[in-house]
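Order-wise, the sequence lines are chains A and R. Under numbering that gives the first Met the number 0, residue 372 is the last one in the first sequence; the count climbs by one each step, no gaps. Under numbering that gives the first Met the number 0, residue 372 is the last one in the second sequence; the count climbs by one each step, no gaps. Every residue gets a Cβ at the ideal spot worked out from N, C-alpha and C, and that includes glycine. It should be emphasised that the depicted structure is a prediction, and the values quoted were computed from it without experimental measurement. Heads up: the structure comes next, in structure tokens.
2 protein chains.
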Amino acid sequence: MTTSSPFIPVIPAGGSGTRLWPLSRKSHPKFLLDLAGSGRSLLVDTLERLTPLSSATPIIVTGRAHREAVADQVGDSARILAEPSGKNSMPAIAWAAALAEREHPGAIIGSFAADHVITPKEDFWKGVYSAIAAAELGYLATIGIEPTSPSSAFGYIEAYSSDAADEEAIALRSAGALSVSRFVEKPDRETAAEFVKSGRFMWNAGMFVVKARVLLEALDDLHPAMSDAARVLAEDVTNGELSAEGEELWEHLEPIAIDHALAEPLASRGAVCVVPASFDWDDVGDFGALSRMASSDDDAEMGVHVVGSAPVLSEASRARVYSDSSRPIALVGLNGVSIVDTGDVLLVVEDAKAQEVASLVKRLESAGFGSLA
Amino acid sequence: MTTSSPFIPVIPAGGSGTRLWPLSRKSHPKFLLDLAGSGRSLLVDTLERLTPLSSATPIIVTGRAHREAVADQVGDSARILAEPSGKNSMPAIAWAAALAEREHPGAIIGSFAADHVITPKEDFWKGVYSAIAAAELGYLATIGIEPTSPSSAFGYIEAYSSDAADEEAIALRSAGALSVSRFVEKPDRETAAEFVKSGRFMWNAGMFVVKARVLLEALDDLHPAMSDAARVLAEDVTNGELSAEGEELWEHLEPIAIDHALAEPLASRGAVCVVPASFDWDDVGDFGALSRMASSDDDAEMGVHVVGSAPVLSEASRARVYSDSSRPIALVGLNGVSIVDTGDVLLVVEDAKAQEVASLVKRLESAGFGSLA
């Protein structure tokens, strides 16, 4: 690496991922699962992908309820900050940024979701290097994913290549980054199709690389209570836990995503850039996404992919089975169906309708099955 | 009833119905299941449908392995003959016919499958009365089902209306029966379509009504060893079981269906007639058939039909669930899928491919799951 600033990865690990229920539960969120079939959880994969780039121990920010499970998975390879409650991504990242700046002045942080699948990591690293180079210039740098379909499940980033001849514009171009004109939240399919057709849009994978100081100063301007609190919390934290006073402060923070709190307003000021990604990325949002991953792995249209130890017998099936029980599963016909056989519930889902698992999970409580959520 | 001959129903209850596995098993065949959702098994439904027509206790012929289960279901309302081994339908019916003739000389027997669904029973009775009237004339009378689709899953009966002016032809017509020119085994779909279009064909539901003496004398001619043995076995049987000698005799019988042994050769002699049925009939051959029954019951295109006690939550699903466990089942999407959740195996089957369950069951043994068959 040619950067002179220390680079510290930050991994906000929150949200249970209801669309992957019942694999993911409130008590056992998506990032703790081995969904890529790598033998490691998505969180551990994420951490291992980032560790070679790190100048100091990466920081994971997670809910207090998951602290132990996360610690069991990552051991000493990450530092864990335990959130007293879920406050969306901005408070978590601001807290980590303040800690990084306090311990490593001039640090660049890179925030990456704990539950995405990325291959190959060498290409990911290239993207991060470019983003770090752009962050050195003072930008909030993001990494944008080349859209492969007009998906309405992702947010979009509109980019443009500045042809300005000033030194900064030249430096940005030489870092391999484009300027960002705006972020767009999940559009409808028609709008998404126009975006993709235009060639100017990338998927927003929620990857942000920025100098900790730049981030905190931007918050000083936009959300001063947030940056003030983050600096206090960075002093307050002991062994990843906040004191009673720190907790009180945390509870008063505005729950907001970094996209709305920082990325969107900074983009309108021309302070955000995007590095086009050259790696494969999937947010593994639902069982449909898992099936697509599996079929590209197998390079097979038909067949049954089994995650777990259950014996499966099938006739002309294209399906994906998740089961750790030894109870045999028989499949006949079926084209694009996922089956999740757990001890306390069975889910059968049509991959094309996999997003609707979230609606079902919402109804669990009122249907008297809150304990399954 | 206007007939003067005693009428004795015979119910051959054999075959496990592999296309309904794992609801049906070798040890727990289809006829023992409550597939119509009536609260009674198909066998008990069949028996109750026939009892009001009976002049004497109906006879059930079943495998020795199922004798106890059958007795538990039917109690004193039927007489059970236990076959030492499966020999297809002709030996079973011949044995029952010989017993009926021995105890009720001049009896007419009516043989009906143990595992079909028929409604309404009043219309069924009308069909049987007509068949009995035809059997009085010396015919082997069958009841034919008006085809509602060019199914290749059923055999067909070709009928013609004789315009002969002789007394017998007039009597046959007045009984509401047509002459049968031939039986055709399951045709391909194209041939089936021609059959249906011609208007001359009916589905063969395996219902045969005939004087016991006529049946035995036809066998004397066509399969003399069979009728000889049947008469001996009718004397041999005690409490439904054969002696060692009887068993020895049974084991040497030719395993053959009544269709091939009697119906086809007698049709070519002009000795078979058919009564067109005015009732709804389903052989409940596979999960697809069960789903069709369910959807006509519910009169609903969408929705989940649950057989058993499992709680089911669904989002936009058209499915059928069979489970006696209390484990909840969640369904998302799916259009025409059946789920069978048993203690030792889970089956998920696309209704349109339901016939292929039989292929899977054939592979159970070689796949190391013979105990599930």
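Proximal residues to residue i (C-beta, below 7 Å), its chain only, five neighbours per side dropped
i      : result
A/L363 : G369, L371, A372
R/L252 : K86, P90, M225, A228
R/K25  : S15, A372
A/A299 : Caution applies to A/A299, whose pLDDT of 49 falls short of 50 and renders its modelled position unreliable; the model cannot decide the point.
A/P119 : F278
A/W94  : V60, L80, A229, L232, A233
A/S151 : K185, P186, D187, R188, A191
A/G335 : S290, R317, E349, D350, A351
A/D33  : R39, S40
R/R18  : G284, D285, A353, Q354, V356, A357
Closest residue to residue i among the options (Cα-Cα distance)
i      : options                        : result
A/D114 : A/L330, A/S26, A/D281, A/G287  : A/D281
A/E395 : A/L241, A/A55, A/T190, A/V208  : Residue 395 of chain A is absent from the model: chain A starts at 0 and stops at 372.
R/V183 : R/A176, R/A288, R/E250, R/F194 : R/F194
R/A170 : R/A133, R/F123, R/I142         : R/A133
R/L344 : A/G335, A/A309, A/P146, A/G38  : Per the sequence shown, residue 344 of chain R should be read as Val rather than Leu. Selected option, being the one with the closest Cα: A/A309.
R/G302 : R/L289, R/A318, R/M292         : R/A318
R/G62  : R/G239, R/I255, R/D279, R/S3   : R/G239
R/L80  : R/G245, R/A351, R/V236, R/E244 : R/V236
A/L261 : A/L241, A/S290, A/V231, A/E216 : A/E216
R/A243 : R/P83, R/G36, R/V305, R/G332   : R/P83
R/S3   : R/V43, R/H103, R/A12           : R/H103
A/A256 : A/E121, A/G154, A/D71, A/A97   : A/G154
R/A35  : R/G342, R/A315, R/E67, R/A288  : R/A288
R/P327 : A/A315, A/A96, A/G342, A/G335  : A/G342
A/V174 : A/T141, A/R39, A/L241          : According to the sequence displayed, residue 174 of chain A carries Ala and not Val. The shortest C-alpha separation from A/A174 is found at A/T141.
A/R101 : A/A315, A/D340, A/P5           : A/P5
A/H222 : A/P254, A/E250, A/G245, A/E246 : A/P254
C-beta atoms of residue i and residue j nearer than 7 Å
i      : j      : result
A/S325 : A/G307 : no
A/E157 : A/F200 : yes
A/I338 : A/V356 : no
A/A353 : A/D258 : no
R/G126 : R/A270 : no
A/A107 : A/I131 : Correcting the residue type first, residue 107 of chain A is Ile in the shown sequence and not Ala. In contact: A/I107 and A/I131 (Cβ atoms closer than 7 Å).
R/L346 : R/P21  : yes
R/G143 : R/V273 : yes
A/L177 : A/S160 : yes
R/L46  : R/F30  : no
A/L333 : R/E349 : yes
R/A266 : R/V213 : no
Where residue i meets chain A, residues with beta-carbon distance less than 7 Å
i      : result
R/E349 : V331, G332, L333
R/S358 : E314
R/K25  : None at all; the shortest Cβ gap to chain A is about 16 Å.
Chain R contact residues for residue i, given Cβ-Cβ distances below 8 Å
i      : result
A/E355 : E314, A315, V331, G332
A/K196 : Simply none; closest approach about 29 Å.
Own chain, CB closer than 8 Å to residue i, minus 5 neighbours either side, in chain order
i      : result
A/E167 : L136
A/A329 : V311, L312, S313
R/I10  : L42, T45, L46, L49, P57, I58, I59, V60, A77, S110, F111, A112, A113
8 Å Cβ cut-off: residues of chain A touching residue i
i      : result
R/D340 : L345
R/R362 : L312
R/K210 : Per Cβ cutoff of 8 Å: no residues; R/K210 is ~44 Å from chain A at best.
Chain-order list of residues whose beta-carbon lies under 6 Å from that of residue i (same chain, five-residue window excluded)
i      : result
R/P8   : L49, S53, P57, G109
A/G205 : A112
A/A99  : I7, A106, I108, A211
R/P146 : V195, W202
R/H304 : A293, R319
A/I117 : F123, F278, W280
A/S88  : P11, A256, I257
Within chain R, the residues that residue i reaches when beta carbons sit closer than 7 Å
i      : result
A/R326 : D343, V344, L345
A/A366 : L312
A/L371 : P327
Interface residues of chain A facing residue i [CB-CB closer than 9 Å]
i      : result
R/V336 : G332, L333, V336, V347, E349
Heavy atom of the ligand HEM within 6 Å of residue i beta-carbon
i      : result
A/A112 : Absence of the ligand HEM is noted for the structure shown, with no ligands found whatsoever.
Closer than 8 Å at the beta carbon, the chain B residues around residue i
i     : result
R/K86 : The displayed structure is made up of protein chains A and R, and chain B is not among them.
Selection of the region 30-44 of chain A by Cβ proximity to chain R, strictly under 9 Å: For chain R, none of the residues of the region 30-44 of chain A brings a beta carbon within less than 9 Å of one of its beta carbons.
Interface positions of the region 176-191 of chain R facing chain A (Cβ-Cβ less than 9 Å), listed along the chain: Hits within the stretch: zero.
Looking at chain R, which residues of the region 109-132 of chain A have a Cβ within less than 7 Å of any of its Cβ atoms? Correct list: empty, as no residue qualifies.
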